[in-house]
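S.K.:
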């Protein structure tokens, strides 16, 4: 096992990693920008190092500063969390070159799976179903238009190096394609430094289903079941749950086997997520693989009883998986609500600020992952995620009721959040019945805001 791990991240995920490291009796080094000098992860780690000013490019994305901090503090591994450099193949390569273990897959695997067009081609060659579309990246809007005519509109233009809904545009008609192609390409260059695009058929009103996988260096690969991530705003997940109401036992088995096949095709090692879209007719298609721990990993931890950060660290240390596929059981139902510092009434405008008063819910089956505390500042420099409220109960109805209660107990004073919106969604009839897809929030937002204005909960 490692002696000391540097956590190349901040916020709730840094706190989450520190907690598991403490239980493993592994020392931790936190890094922080000047904006995060008083942050919770800085207070909880064994040691903390300032790596630069508030701007992420000068601190949390500064590879040289991170590697220097790790080496000077005697670390033997780096945990990247999610976001920032967690899916940067160059950073993974540099860690290896510096004699540091990157707690994640190799740079080559990240590079291969990070290019969405290349990942699609790899999956297709190994029999994993992919959405109909271009064989690889397209040369320009003319080729994109030819493919769109063949597969039929609407289509999606997607950045090969994209993620988080960026570098993506829906095209409904041929005359719209040139302008939307230019917009998608410009955003891809701005966000990822790569303007390469590919085309795929838009599956209308799908469910977004992802499977958690674990793979070790001995060739063992398992999946830990699914998470339904279909409640989204602007392609960003808001509520996740497991198991999904949309899956039969046979479909769950088929999708799980496809996820394992995808991980093996990539030569994957570590924790990762294989994401699918599920059509109304039961057809499912690979869309991407996230080569890191997911924001919503606590959902899977609740239903399986496994600590995914612990498994990540064990795998990186060369140890075999602690479970076999036949050992894995999903117990009950779990759900996560992301509490973002955003104003839903203003188009989800980010609204960070000072926490004037904080009260977190508790009780059996309730977990809150956060780095907030009374009097702290939620920085405008970084992601708007303030907390994750996660609950677990034997049935979905009990889980819904427990989550309602938890959100009613949650108090964050000082800035608006998405907590009230999540609470309202839990009362929406279609959501209660499990009849929703990725268009749910767009379809019901006006209704939900009206309820909010009228004080209906």
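Numbering (my numbering), first residue to last: 104 to 560. Note that beta-carbon positions come from the ideal geometry of N, C-alpha and C, so glycine has one too.
1. To the nearest whole angstrom, what separates the beta carbons of residue 515 and residue 474, a pair I think is in contact under 8 Å?
2. Following the continuous beta strand (DSSP E) through residue 471, name the residue where it begins and the one where it ends.
3. Between the C-alpha atoms of residue 437 and residue 278, what's the straight-line distance to the nearest angstrom?
4. Measure how close the beta-carbons of residue 104 and residue 129 come, nearest whole angstrom, since I'm counting them as under 8 Å.
5. Between the alpha carbons of residue 552 and residue 524, how many angstroms are there, rounded?
6. Whole angstroms are fine: how far does the CA of residue 190 sit from the CA of residue 164?
7. Am I right that residue 368 and residue 225 are in contact with their C-beta atoms under 8 Å? What's the rounded C-beta distance?
8. Let me know the secondary structure DSSP gives residue 514 once reduced to three states.
9. Could you tell me if residue 175 is buried or exposed, where buried requires 16 or more neighbouring beta carbons within 10 angstroms of its beta carbon?
10. Less than 8 Å between the C-beta atoms of residue 366 and residue 420, yes or no?
11. Identify whether residue 353 lies in helix, strand or coil by the three-state DSSP scheme.
12. Express the C-alpha separation of residue 324 and residue 295 in angstroms, rounding to a whole number.
13. How close, in whole Å, do the beta carbons of residue 141 and residue 482 come, if the pair is a contact with beta carbons under 8 Å?
14. Rounded to the nearest angstrom, what separates residue 108 and residue 203 at their Cα positions?
15. In the DSSP assignment, find the unbroken alpha helix (DSSP H) run with residue 403 in it and report its ends.
16. Note down, in chain order, each residue of its chain lying with its Cβ closer than 8 Å to the Cβ of residue 300, except the 5 sequence neighbours on either side.
17. Which of the three DSSP states is assigned to residue 155 in this structure?
18. With distance defined between alpha-carbon atoms, name the residue in 341, 472, 153, 400 nearest to residue 527.
19. For the alpha helix (DSSP H) holding residue 105, just list the boundary residues, first then last.
20. With a threshold of 6 Å on Cβ separation, who are the neighbours of residue 198 within its own chain once the five nearest residues in sequence on each side are excluded?
21. Please name the residue, chosen from 150, 456, 232, 111, that lies closest to residue 386 on a Cα-to-Cα basis.
22. What residue ranges within the stretch 444 to 497 form continuous beta strand (DSSP E) runs of no fewer than 3 residues, ordered along the chain?
23. Ends of the beta strand (DSSP E) at residue 377?
24. Keeping to the same chain, check which residues put their C-beta closer than 6 Å to that of residue 234; ignore five residues upstream and five downstream.
M.R.: Based on what the coordinates show:
1. Taking 8 Å as the upper bound for CB-CB distance, residue 515 and residue 474 are not in contact here, some 13 Å apart.
2. Looking at the DSSP string, the run of the beta strand (DSSP E) that includes residue 471 is 469 to 473.
3. Going by the C-alpha atoms only, they are around 44 Å apart.
4. Indeed they touch by this definition, with Cβ atoms about 6 Å apart.
5. Cα to Cα, the separation comes out at about 8 Å.
6. Approximately 12 Å, taken between the alpha carbons.
7. In this structure residue 368 touches residue 225 by the C-beta definition: roughly 6 Å separates them, less than 8 Å.
8. For residue 514, the secondary structure class from DSSP, reduced to helix, strand or coil, is strand.
9. By the neighbour-count rule (16 or more Cβ atoms within 10 Å), residue 175 is not buried but exposed.
10. No, the Cβ-Cβ distance between residue 366 and residue 420 is not below 8 Å.
11. Three-state DSSP puts residue 353 in a helix.
12. A direct Cα-Cα distance of roughly 30 Å separates residue 295 from residue 324.
13. About 10 Å separates the two Cβ atoms, so there is no contact after all.
14. Residue 203 has its alpha-carbon roughly 9 Å from the corresponding atom of residue 108.
15. Where residue 403 is concerned, the enclosing alpha helix (DSSP H) stretches over 400 to 407.
16. Counting only Cβ-Cβ distances below 8 Å, and skipping sequence neighbours, we find 240, 241, 247, 260, 261, 262, 263, 270, 284, 287, 288, 291.
17. Taken through DSSP and simplified to helix, strand or coil, residue 155 comes out as strand.
18. That would be 341, whose Cα lies nearest to the Cα of residue 527.
19. Boundaries cannot be given for residue 105, as no alpha helix (DSSP H) includes it and DSSP labels it neither H nor E.
20. Close CB contacts of residue 198 within its chain, under the 6 Å cut and outside five residues either way in sequence, are with 181, 205 (chain order).
21. Taking each of 150, 456, 232, 111 in turn and checking the Cα distance to residue 386, the smallest one comes out for 232.
22. Here the runs fully enclosed are 460 to 462, 469 to 473, 488 to 496.
23. It spans 373 to 381 - the beta strand (DSSP E) in which residue 377 sits, taken as one unbroken run.
24. 303, 304, 388, listed in sequence order.
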